[in-house]
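So the sequence lines, in the order shown, correspond to chains A, B, C and D. Residues in the first sequence are numbered consecutively from 0, following the working numbering. Residues in the second sequence are numbered consecutively from 0, following the working numbering. Residues in the third sequence are numbered consecutively from 0, following the working numbering. Residues in the fourth sequence are numbered consecutively from 0, following the working numbering. Cβ coordinates follow ideal geometry from the N, Cα and C atoms, glycine included.
There are 4 protein chains.
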Amino acid sequence: MSPRPAARVEQLREERRRDVLSAARGVFARKGFVAAKISDIASAAGISHGLVHHYFPSKEALFAAVIEESVQGWEALIARARAMPITAWERLVYVCSIMGESSAVASEHLLIIVHASTGEDAPQTVREALDRLERLVHEPLSALIEEAQRSGAATAGPPGELARAWMAVTQGLAISQALHPGRARPSMELVLRLLKA
Amino acid sequence: MSPRPAARVEQLREERRRDVLSAARGVFARKGFVAAKISDIASAAGISHGLVHHYFPSKEALFAAVIEESVQGWEALIARARAMPITAWERLVYVCSIMGESSAVASEHLLIIVHASTGEDAPQTVREALDRLERLVHEPLSALIEEAQRSGAATAGPPGELARAWMAVTQGLAISQALHPGRARPSMELVLRLLKA
Amino acid sequence: MSPRPAARVEQLREERRRDVLSAARGVFARKGFVAAKISDIASAAGISHGLVHHYFPSKEALFAAVIEESVQGWEALIARARAMPITAWERLVYVCSIMGESSAVASEHLLIIVHASTGEDAPQTVREALDRLERLVHEPLSALIEEAQRSGAATAGPPGELARAWMAVTQGLAISQALHPGRARPSMELVLRLLKA
Amino acid sequence: MSPRPAARVEQLREERRRDVLSAARGVFARKGFVAAKISDIASAAGISHGLVHHYFPSKEALFAAVIEESVQGWEALIARARAMPITAWERLVYVCSIMGESSAVASEHLLIIVHASTGEDAPQTVREALDRLERLVHEPLSALIEEAQRSGAATAGPPGELARAWMAVTQGLAISQALHPGRARPSMELVLRLLKA
DNA sequence: TATGAATGAGCATTCATTCAT
DNA sequence: CATGAATGAATGCTCATTCAT
């Protein structure tokens, strides 16, 4: 009966799933988990609210998927930076520059993480993903900083704390950007002054 | 008419109102406006949910009162800094040091402002208070930076943008601290590197 | 210790009770049982809401007392009419004229009875009082009409039904008056056309 | 997109909306606006309380819809009477006879109007609809009476006041009927005696 | 007595989730 | 797959009633 091969069907389904995920990312970023309504997400994705549950069993699962997506983006960024044949300091600069690009998607990821972090009601799956993210970003960053310190490029101090400070500062700037998109974005070069020797 | 002196009654009422406000500050800081439940606030204040409405007509009014309190705290801090007989740069250091103290209350104020800023559902009164806060902090800060630039203490660049960057960074660090209270707090001296000449 | 004799105290208490009852009559008349708030009544009586419960154990009891008062007023009116040394028709005219006077108090009684009759949630005590009122008004009225019919003054027809019609019409006019106090009041002479032979 | 034809869906929705409206009419008639509970209406309609809000955004809107329905019924009745090729007096008789039919629906409409008129808490929309109703009924009725007076069929007197008296009386009788459905209904011929020359 | 703080049951409303079509 | 009707748990808010002062 089906005119389309199963693979094509599966692909369409996957595309639709991505649409929902994208819509959810935007809505969660703007409203946070609790205030975001399934119907907001459905509207943003151009489908009915009932259909959202065909792709994601629950609002919580959808949120977890968005978080997971963010975490994987960070993982990928860090992996890319580590794979480049450059100095540790240049890797830091590279990471900063990507972060600073602040595409809408990146801002949304950051805002979601802020919401997920600051909200106390995040479900367990989300908590775990956030912890994983924390480690994923913090550890390689500390390593990069430590490496850069050895080469004299980075300022002295406990690399772990510097990494955290850098993460906090980056997050603060990203929030600011996300909230005021039109505003002149502080150059990431400024942020690097935190770490520069 | 009352068997108790009116002044005392009024005083008790005011105290209780402050208790509720404090409880609300904490809950709003941890959960944001929408996710915070009146019953959470009531529990935190050790009273029944009905009594919360005895002191504040609505959740929105309570939130607005908390925001107002934050705004006034900032106003006061800026005013104190401006009143001190010190150089512009020392004023910046002073403001940073107070901000960096990170009493629970200060963190809560910052988190609330983050929530209120990032959440799309803040009511109109709150939006206005936030706008006022934005101006209250940004303008004097820009002035301080400009002054410090003239004395050569601060780095070059548009004072307005530097002020915004500094605010974003401070907010980011405060969030980080609020979320991980046990963690070693990045010294505010680090933050000053952003501005130092 | 008490500077006043017990009797005087009792009298004051009784006066205050009447104040509350009067206030309640007005509020119940304007809002009905459910919509009337104890605090409305307290405000109207110029006392605190807590004090209302010193005079009446509950809102329901207060309502019952108001109804009781109405019932007794009707009883008294009917009794007065029956005691007068006049013809049956003149008694009908007398009752109509008193009803038509429409002092604020009389209107309020009527509106309360309408509310109590039309509202389904009246408590048992109230139901009983209303039934009693129904009989109290209906029976003597039927008797008066029957008497007037025998003397040829009243129109023919079952006296019981004529009495009910008259009561319904009187109530309708009273409602109209109560709702539009400024408006020219239809003369009760009009109402008597219903019964006149 | 929908697997069911849109027209059919719309029709079902409209039917269900009418069910809710009917249930609401009965409950509002018996209890008045404040005392009527959404859950009462839902039970009467055989649906869950949540679904009521699927069809009407709020209790107030539902009440307004019921009132609107009443107003339109009156408009239609008056329009029909005016369209008939009969004398003014016959038109009055016709209106009385329809009113006197006292189907459950008509009684409910009248009781609702009484509740809405006597209750002080009716929302603004309702107030406006009632004012409109007042004019809609009063003006054409006055005109009819005036016309009937010119033909000598109606009693003398200010047509406006007679119209009001007639409305009040009709309302009173309708209340009486609605409250005691089993009782012998006073003939509307009786009411016409108010107006007959 | 008199006040008003305090409680909690009750109601309107919202929204995630399910499911018939 | 897709829709939206339907449900009911959850939440803000009101208000009768109690009670410490």
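Option nearest residue i by Cα separation, candidates the options
i: Ala28 of chain D; options: D:Ile112, D:Ala147, D:Glu160, D:Gln123; result: D:Ile112
i: Glu133 of chain C; options: C:Val70, C:Gly156, C:Val92; result: C:Val70
i: Val19 of chain A; options: A:Val8, A:His52, A:Trp165; result: A:His52
i: Phe55 of chain B; options: B:Ala78, B:Arg15, B:Ala155; result: B:Arg15
i: Leu135 of chain A; options: A:Tyr93, A:Ala78, A:Glu9, A:Ser96; result: A:Ala78
i: Pro158 of chain C; options: C:Arg126, C:Ser42, C:Leu91, C:Glu188; result: C:Leu91
i: Arg184 of chain C; options: D:Met166, D:Gln10, D:Ile174; result: D:Met166
i: Val190 of chain C; options: C:Thr154, C:Pro180, C:Leu61; result: C:Thr154
i: Gln148 of chain C; options: C:Leu194, C:Ile174, C:Ala75; result: C:Leu194
i: Glu160 of chain C; options: C:Met98, C:Ala142, C:Ser57, C:His179; result: C:Ala142
i: Ala196 of chain D; options: D:His137, D:Leu61, D:Gly156; result: D:Gly156
i: Gly72 of chain A; options: A:Ser175, A:Gly181, A:Met98; result: A:Met98
i: Leu76 of chain A; options: A:Glu9, A:Arg192, A:His137; result: A:His137
Inter-residue Cα distance where the pair is residue i and residue j
i: Arg81 of chain B; j: Glu146 of chain B; result: 12 Å
i: Pro139 of chain C; j: Trp88 of chain C; result: 13 Å
i: Gln170 of chain D; j: Arg131 of chain C; result: 23 Å
i: Ala44 of chain C; j: Val94 of chain C; result: 31 Å
i: Val168 of chain D; j: Ile46 of chain C; result: 39 Å
i: Glu74 of chain C; j: Pro84 of chain D; result: 50 Å
i: Arg7 of chain A; j: Val33 of chain A; result: 35 Å
i: Gly151 of chain B; j: Glu59 of chain A; result: 53 Å
i: Leu50 of chain B; j: Ser42 of chain B; result: 11 Å
i: Gly181 of chain C; j: Leu61 of chain D; result: 31 Å
i: Thr86 of chain B; j: His48 of chain C; result: 59 Å
i: Met187 of chain B; j: His108 of chain A; result: 27 Å
i: Ser57 of chain B; j: Ser57 of chain C; result: 28 Å
i: His179 of chain C; j: His179 of chain D; result: 27 Å
i: Ile144 of chain D; j: Glu9 of chain D; result: 44 Å
Environment of residue i [buried if 16+ CB atoms lie within 10 Å]
i: Gln123 of chain D; result: exposed
i: Val26 of chain D; result: buried
i: Lys30 of chain A; result: buried
i: Ala164 of chain B; result: buried
i: Ala35 of chain B; result: buried
i: Ala162 of chain B; result: buried
i: Ser175 of chain A; result: buried
Short Cβ contact (7 Å threshold) for residue i with residue j
i: Ala128 of chain D; j: Glu67 of chain D; result: yes
i: Ala22 of chain C; j: Ile37 of chain C; result: no
i: Ala177 of chain B; j: Ser96 of chain B; result: no
i: Thr117 of chain C; j: Leu172 of chain D; result: no
i: Val65 of chain B; j: Arg24 of chain B; result: yes
i: Ala63 of chain D; j: Val125 of chain D; result: yes
i: Glu17 of chain C; j: Arg192 of chain D; result: The sequence as given places Arg at residue 17 of chain C; Glu does not occur at that position. No, these two residues do not count as a Cβ contact at 7 Å.
DSSP three-state assignment for residue i, whether helix, strand or coil
i: Lys58 of chain B; result: helix
i: Ala105 of chain A; result: helix
i: Lys36 of chain D; result: coil
i: Thr86 of chain A; result: coil
i: Ala152 of chain D; result: coil
i: Arg192 of chain C; result: coil
i: Ala183 of chain A; result: coil
i: Gly118 of chain B; result: coil
Residue i Cβ short of 6 Å to the ligand SAM heavy atom set
i: Pro84 of chain A; result: By its list of ligands, the structure shown contains no ligand whatsoever, and the ligand SAM lies outside what it can speak to.
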